[in-house]
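Numbering (this note's numbering), first residue to last: 186 to 537. Here a beta-carbon is modelled for each residue, glycine too, at the ideal position from N, C-alpha and C. From a predicted model like this one, the values you see are computed outputs, not experimental measurements.
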Amino acid sequence: MDYERLKPLLFRLDPETAHHMVAGLLGCAQRFTPLFSLIPGLEEPVRDERLSQELMGLRFDNPVGLAAGFDKNGELIGAMARLGFGFTEVGTVTPRPQPGNPRPRIWRHVKEEALQNAMGFNNDGAEALGKRLKKARPYPIPVGVNIGKNKITPEEKALEDYAACIDTLADLADYLVVNISSPNTPGLRDLQNEAFIAELFAMIKEKTDKPVLLKIAPDMSEASAVTLCVKAVEVGAAGIIATNTSIDYSLVAHPVDRGGISGRPIREKSFAIFEAIAKELFGRALLVSVGGIDSGYEAYRRIKAGASLVQVYTGLIYRGPGLPTLIDRTLLHLLEKDGFSHISEAVGVDRR
Ligand SMILES: Cc1cc2nc3c(=O)[nH]c(=O)nc-3n(C[C@H](O)[C@H](O)[C@H](O)COP(=O)(O)O)c2cc1C
């Protein structure tokens, strides 16, 4: 069965229920690998030297990663490697476990191929994630740990939450991501200011040598996004992940009144912010593009604009588990067509 036949059945379920079913199946397959053959639309991962890169001292077999939020608790690292992802990002994790917002908290906008979510960092907490990561080592693919603050932590104590996550998880992370861009934790996006960023990275540099990336929202003006990211790099960020979900509800026909929109409708917004940042920071920091990527063509556009890596979340829901492999195959085709012998020749070609 291909994924297009399964999709209508999954889409009849509440989105969060569907997620748990899929995650459950992937978790079982991870323990008993013959079960992977039962997953509709799964493809053999592409292994091709032309897609492999060494970045931040890590080897990425291909540039397509799983974006944060799908595997919040780090339960599916092996499965994501089998799907063909070149890396995965677990979290967002908070120091203490928390239930997140009441359900329903994920909605589909099927016509627009979008999702809207107001999850609110439901997660098992840093300690539980740490235990799971210890068991998952050695990782089959690079693993990023995306960290945030608990809902009950007041804004003026936010720094302590990021510090606690780093203390517990830095040694287990291949790279870290500070998330100050989720729309679902009240006040979190207010941390997207230069003073906080400076304080944050000063604290981080005291604690770890691991590469730390900053993940930003798509709803700032391009100018403020650029200023913020330049500051982050000046104070020690290894790179930027752009972007998180958007709170521009005009992007879909029937928005819910809370949460952030992802998928196709944020594609251009996300690209525009990414490109503005790349114009300033390409060559000075690692750039990761995420938001509305659901094909090799879109991934290639981000790569040429300056992204060394891309990530997907919503595309996986609409295109299925074959998506990372499909993107890799298309990338190889596009590299060949443009006369590039390795992906590194295409990264940022529009910036040179
Ligand atoms: C249900 C859901 C949960 C998410 N949770 C997180 C999260 O915990 N932390 C985070 O940094 N981003 C989270 N995201 C944002 C994604 O990582 C990504 O930045 C965004 O969805 C844009 O990419 P996409 O259009 O490919 O989905 C979440 C997205 C969705 C749809």
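A direct Cα-Cα distance of roughly 7 angstroms separates residue 401 from residue 365. DSSP places residue 390 in the helix class (H, G or I) of the three-state scheme. The beta carbon of residue 211 is closer than 7 angstroms to those of 261 and 264 in its chain, skipping five residues each way along the sequence.
With distances taken between CA atoms, residue 370 lies nearest to 286 out of 449, 352, 321 and 286.
Taking the Cα positions, residue 490 is about 33 angstroms away from residue 442. Of all alpha-carbon atoms in 408, 456 and 498, the one lying nearest the alpha-carbon of residue 483 is that of 456.
At a threshold of 7 angstroms, residue 273 does not count as near ligand 1, since its beta carbon sits no closer than that to any of the ligand's heavy atoms. Check the Cα spacing between residue 399 and each of 393, 358 and 423: the tightest is with 423. Set against 7 angstroms, the gap from the CB of residue 334 to the closest heavy atom of ligand 1 is not smaller. Rounded to whole angstroms, the separation of the alpha carbons of residue 418 and residue 470 is 7 angstroms. The beta-carbon distance between residue 277 and residue 253, rounded to whole angstroms, is 6 angstroms. This is short enough to meet the 8 angstroms contact definition. Shortest gap from the CB of residue 429 to any heavy atom of ligand 1: under 7 angstroms. DSSP places residue 313 in the helix class (H, G or I) of the three-state scheme. Membership of residue 511 in the alpha helix (DSSP H) is indicated by the continuous run 508–522. For residue 500 against residue 228, the beta-carbon gap comes to about 15 angstroms, at or over 8 angstroms, which does not count as contact. 8 angstroms or more divides the Cβ of residue 446 from the Cβ of residue 215. Linking residue 333 to residue 291 through their CA atoms gives a straight-line distance of about 20 angstroms. With respect to the 8 angstroms criterion, residue 492 and residue 525 are not classified as neighbours on the basis of their beta carbons. According to the DSSP assignment, residue 471 belongs to the beta strand (DSSP E) that extends over 471–475.
With fewer than 16 other Cβ atoms inside 10 Å of its own Cβ, residue 222 counts as exposed. Put simply, the backbone Cα of residue 357 is about 23 angstroms away from that of residue 382.
Counting C-beta pairs closer than 8 angstroms gives three or more between the stretch 314–329 and the stretch 341–361, which meets the contact rule. By the Cβ-count criterion, residue 206 is exposed, with fewer than 16 other Cβ atoms from all chains shown falling within 10 Å of its own Cβ. Rounded to whole angstroms, the separation of the alpha carbons of residue 270 and residue 281 is 29 angstroms. The three-state secondary structure of residue 294, taken from DSSP, is strand. About 5 angstroms separates the CB atoms of residue 350 and residue 311; that is less than 8 angstroms, so the two are in contact. In the DSSP assignment, residue 207 falls within the unbroken alpha helix (DSSP H) covering 200–216.
Residue 330 sits close to residue 275, with the two beta carbons spaced by under 8 angstroms. Counting the other CB atoms within 10 Å of its CB gives residue 306 a total of 16 or more, which places it among the buried residues.
Judged by beta-carbon spacing, residue 437 lies within the 8 angstroms limit of residue 297, meaning their Cβ atoms are closer than that value. Given a length threshold of 4 residues, each whole run of the alpha helix (DSSP H) inside the stretch 348–415 is given here in chain order: 379–392. Cα atoms of residue 208 and residue 192: separation of roughly 15 angstroms, rounded to the nearest angstrom. Taking C-beta separations shorter than 6 angstroms and ignoring five residues to either side along the sequence, the partners of residue 479 in its chain run 500 and 504, following chain order. Going by DSSP, residue 266 is part of the alpha helix (DSSP H) stretching over 262–268. Contact check for residue 464 against residue 536 passes: the beta carbons are separated by less than 8 angstroms.
Separation of residue 435 and residue 473 (C-alpha to C-alpha, rounded to the nearest whole angstrom) is 26 angstroms.
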